[in-house]
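Some notes on the structure that comes next.
Numbering (this note's numbering), first residue to last: 16 to 274.
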């Protein structure tokens, strides 16, 4: 975040009503801080008053009752991310906010896929309409769902030592400037392995990192300092391409030109 401070506007005044933009160098673009605002309300929240006949004791409902989940985005510039009357465009939603009634028999449960759809179809189109040419810098809380990796992310923990078997098909990577596929080619001599995952052993062999007798997994969460080559999983997991994998939320936002 510190890297963006010189590109983000400041706000002064008793109510921070005056926006002061930084002086930008050639090629620099104004960055706007965008925060995710997420909460869940219950139907019986905050019911401290109500109507009742005189001298009758109040009967409060038990439990929390129905839920309302709200996912919204806020900016320093305009508050809630939404279009005003002058900006309304029928080709995009009027506001970034999404409200659902969570539950098995209602709208289901809020998840990362719905958040990504909200960002792609609402948040960023509205941001770009209101702040043309500017860069959104997104901030989320540390919910585990926000750190979710894509299904095809390079992840040694999800790989088998040997080819095939139950393991996900992962994205291609780059080794020595060349594309390295994580699966066997469609013209591979063994027809049973065509399109199947190669496994850690073969990937390490292709990179010149395989040691004879190396086991698949040593059982420890992290490699020890004394023996960093304790197992194939830890050797592969410490390679630059595996270390540089990003959460799917970050990949989507950066893919759309924001941060």
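From the three backbone atoms N, C-alpha and C, an ideal C-beta is built for every residue, glycine too.
A Cβ-Cβ distance of about 4 Å is found for the pair residue 111 and residue 138, placing them in contact under the 8 Å criterion.
Within the same chain, and ignoring the five residues on either side of residue 155 in sequence, the residues whose Cβ sits closer than 6 Å to its Cβ are 51 and 161. As summarised for the region 107–148, the continuous beta strand (DSSP E) elements at least 3 residues long and confined to that stretch are 113–115, given in chain order.
Judged by DSSP in its simplified three-state form, residue 100 adopts coil rather than helix or strand.
Boundaries around residue 194 are those of the beta strand (DSSP E), 193–195, since no alpha helix (DSSP H) includes it.
Taking C-alpha positions only, residue 108 is separated from residue 115 by approximately 16 Å. For a cut-off of 8 Å, the C-beta gap from residue 206 to residue 177 is around 17 Å, too long to register as a contact. Secondary structure of residue 248 (DSSP, three-state): helix.
A Cβ-Cβ contact shorter than 7 Å links residue 256 with residue 188. Beta-bridge partners assigned by DSSP to residue 55: 84. In this structure residue 184 is exposed. Its beta-carbon is surrounded by fewer than 16 other beta-carbon atoms within 10 angstroms. Contact between the region 161–175 and the region 139–153 is not established, with fewer than three Cβ pairs separated by less than 8 Å.
In this structure, the straight-line span from the alpha carbon of residue 170 to that of residue 252 is close to 7 Å.
The Cβ atoms of residue 48 and residue 152 sit closer than 7 Å to each other. For residue 194, the number of other beta carbons within 10 angstroms of its own is below 16, and it is reported as exposed.
Residue pairing for residue 229: DSSP places it in no beta bridge.
Apart from the 5 residues on each side of it in sequence, residue 85 sits with its Cβ closer than 6 Å to the Cβ of 54 and 114 in its chain, given in chain order. The shortest CA-to-CA distance from residue 56 to any of 117, 131 and 270 is the one to 117. Distances from the CA of residue 23 to each of 39, 135 and 197 were compared; the closest alpha carbon is that of 39. For the pair of segments examined, the region 122–130 was found not to touch the region 226–240: the number of CB pairs separated by less than 8 Å stays below three. Its chain contains 233 and 238 as the residues whose beta carbon lies nearer than 6 Å to that of residue 245, once the 5 sequence neighbours on both sides are disregarded; these appear in chain order. Taking the Cα of residue 92 as reference, the smallest distance to any Cα among 104, 32 and 120 is reached at 32.
If you look at residue 263, you'll find it in the alpha helix (DSSP H) that goes 263–270.
Rounded to whole angstroms, the gap between the alpha carbons of residue 250 and residue 121 is 46 Å. For residue 90, DSSP records a beta bridge to 49 and 94. Using a 10 angstroms sphere on the CB of residue 213, the tally of other CB atoms reaches 16 or more, which defines it as buried.
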